[in-house]
Amino acid sequence: MKDILKKLNMEYDDFELEALKAIENFAAHYTKQLLTEAQKIAEHSDRTVVSEGDVRFAIHQSLSREREKKANAERTMAALAEEKNSKPLPVPKSSDGKLTMPTVQSSQLQPNFRYKASHKPDVVTLDDDYEEYDEEVNVED
């Protein structure tokens, strides 16, 4: 693992031991899968020794399968979204048959409010020109 980090210009001490173990376990598992696939490819070609081409082909096949899985998941999600979005929303119910909107006073979307902090924040600055303001903040612009 130290050699790999050195090749990547990274320091071994910048990582927790558990993090490096997790990466090592993942790399070992993935490498085993790829080499097993490469052995099958070599056997299919009536060879006993695995070549670089076999490994490259195994990597290509693995990446292709992952892309296909992702594409299938995206297609499934799109089909589910299409099905869900094809149904119309239910009509809102009201007692008089009309749809009423909330009043402006109860709407928080209108810029008709003022904000004043309940306490002054603890501000530490190194600038002597800093001035502290006790005014209300007006957001009606």
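All the letters of the sequence shown, read from the start, carry residue numbers 1 to 141 under full-length UniProt numbering.
Note that CB positions come from ideal geometry on N, CA and C, so glycine has one too.
Which term fits residue i, buried or exposed, when burial requires 16 or more other beta carbons within 10 angstroms of its beta carbon?
i      : result
ALA71  : exposed
ILE4   : exposed
VAL137 : In this prediction, VAL137 has a pLDDT of 49, which is less than 50 and means its spatial position is unreliable; nothing more can be read from the coordinates.
ALA81  : exposed
ALA19  : exposed
ALA42  : buried
ALA73  : exposed
Keeping to the same chain, check which residues put their C-beta closer than 8 Å to that of residue i; ignore five residues upstream and five downstream.
i     : result
LEU34 : VAL55, ALA58, ILE59 and SER62
PRO92 : LEU99
By alpha-carbon positions, which one of the options ends up nearest to residue i?
i     : options                       : result
ALA28 : MET101, ARG65, THR76 and MET1 : MET1
Output the boundary residues of the alpha helix (DSSP H) element that contains residue i.
i     : result
ASN72 : 52–86
LYS98 : That residue, LYS98, is in no alpha helix (DSSP H); it is neither H nor E in DSSP.
What is the DSSP secondary structure of residue i, reduced to helix, strand or coil?
i     : result
GLU8  : In the sequence under discussion, the amino acid at residue 8 is Leu, which differs from the Glu named in the question. Three-state result, LEU8: coil.
GLU16 : coil
LEU89 : coil
THR48 : coil
MET1  : coil
Cutting at 7 Å between CB atoms, please list the residues of its own chain near residue i, excluding the five before and the five after it.
i     : result
GLU24 : MET1
Could you name the residues of the same chain whose beta carbon sits closer than 6 Å to that of residue i, not counting the 5 residues immediately before and after it, in chain order?
i     : result
GLU37 : ALA58
HIS44 : none
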